[in-house]
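Heads up: the sequence shown is residues 32 to 283, going by our numbering.
Comments concern the structure below.
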Amino acid sequence: MNTPFDFSGQRALVTGAGRGIGAVIARRLAACGAHVIINYLQDESAASATAREIEHAGGSASLMRANVADPQAAAALSANAAGKGLDMLIHNAAIGSFKPLHAVRANQWDLTMNVNARALLLCTQGTLDALEQRAGRVVAISSLGGMRVVPSYGAIGVSKAALEATTRYLGAELAPRGIRVNAVSGGLIETGSAQLHPDYAGLAKRALAHTPLGRLTTADDIADAVLFLCSPLSSAMIGQTIVVDGGGSLVL
């Protein structure tokens with residue numbers, strides 16, 4: 032794949048990268064020359080397949096299993112990833128139940144917030160020294176549910192709002208240390224997890240009808256924005272959330 036970005040000699044940790052959007056981001060970073068550390072939790076076969084795809088294409092990847100909801104596991108993952116130096120941290124790992132917020136149980140709230148938002152903070156803290164040494168970049172993956180009300184998106188949407196607020200605070204605090212922190216907010220993407228939504232077909236139909244671009248967002252669209260935020264072309268962007276949705280959020 033032709034790319035204007037060159038991350039040769041750099042190392043990237045991508046959480047939740049075994050499949051879906053995270054796997055696409057991992058493959059794209061590797062295609063730009065980065066060694067990609069693929070974090071996963073349960074689906075080892077999918078994570079291994081992603082690593083094999085990267086290596087078959089001439090890239091470099093390694094696997095690290097960790098539950099980023101667990102502070103000790105997140106700390107161990109961060110320490111291991113930073114051990115040989117780290118240039119990029121992409122927090123993509125996410126979890127949540129598709130239900131209205133008023134129906135979310137306390138344990139579901141805690142797990143969703145811990146994986147989707149707190150893990151960004153923990154992984155950044157754990158890799159801070161390594162990122163500072165290499166003018167590192169941190170990119171968090173959010174969604175439109177962080178700023179808009181999406182039916183049955185409950186705690187997921189709230190956690191994405193927290194993720195974007197965390198991005199702003201970390202961006203302002205870490206910029207003086209040479210670390211850039213930003214986020215990418217995507218529109219509806221046809222992934223296996225999104226299709227578990229009880230009204231996915233309806234959401235997709237409405238999103239398509241209201242998107243000026245005339246198509247739904249893809250994982251590659253998200254990866255494009257991630258590459259940009261990791262490149263020198265975004266050197267003045269600090270604490271921002273880029274919306275990648277084909278213009279869908281602009282139309283009532």
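No residue lacks a Cβ here, since even glycine has one placed at the ideal position from N, Cα and C.
{"Asked": "DSSP three-state assignment for alanine 88, whether helix, strand or coil", "Found": "coil"}
{"Asked": "At least three beta-carbon pairs within less than 8 Å, the region 210 to 217 to the region 239 to 246", "Found": "no"}
{"Asked": "Alanine 254 to valine 282 span [Cα, whole Å]", "Found": "24 Å"}
{"Asked": "Closest Cα partner of isoleucine 126 within the set Arg246, Gly47 and Cys261", "Found": "Gly47"}
{"Asked": "Check whether glycine 218 and leucine 258 have beta carbons under 9 Å apart", "Found": "no"}
{"Asked": "Cα-Cα separation between methionine 144 and phenylalanine 129, rounded to whole angstroms", "Found": "14 Å"}
{"Asked": "Euclidean distance between Cα positions of glycine 40 and glutamate 75", "Found": "26 Å"}
{"Asked": "Neighbourhood of cysteine 63 by C-beta distance below 7 Å, restricted to the same chain and skipping five residues each side", "Found": "Thr34, Phe36, Asp37, Phe38 and Leu258"}
{"Asked": "Per DSSP, cross-strand counterpart(s) of arginine 168", "Found": "Met119 and Arg211"}
{"Asked": "Classification of alanine 267 by the beta-carbon crowding that lies within 10 angstroms, buried from 16 upward", "Found": "exposed"}
{"Asked": "CB of leucine 153 within 9 Å of CB of valine 99, strictly", "Found": "yes"}
{"Asked": "Spatial distance of alanine 104 from alanine 112 (CA atoms)", "Found": "12 Å"}
{"Asked": "Where valine 275 falls: helix, strand or coil (DSSP)", "Found": "strand"}
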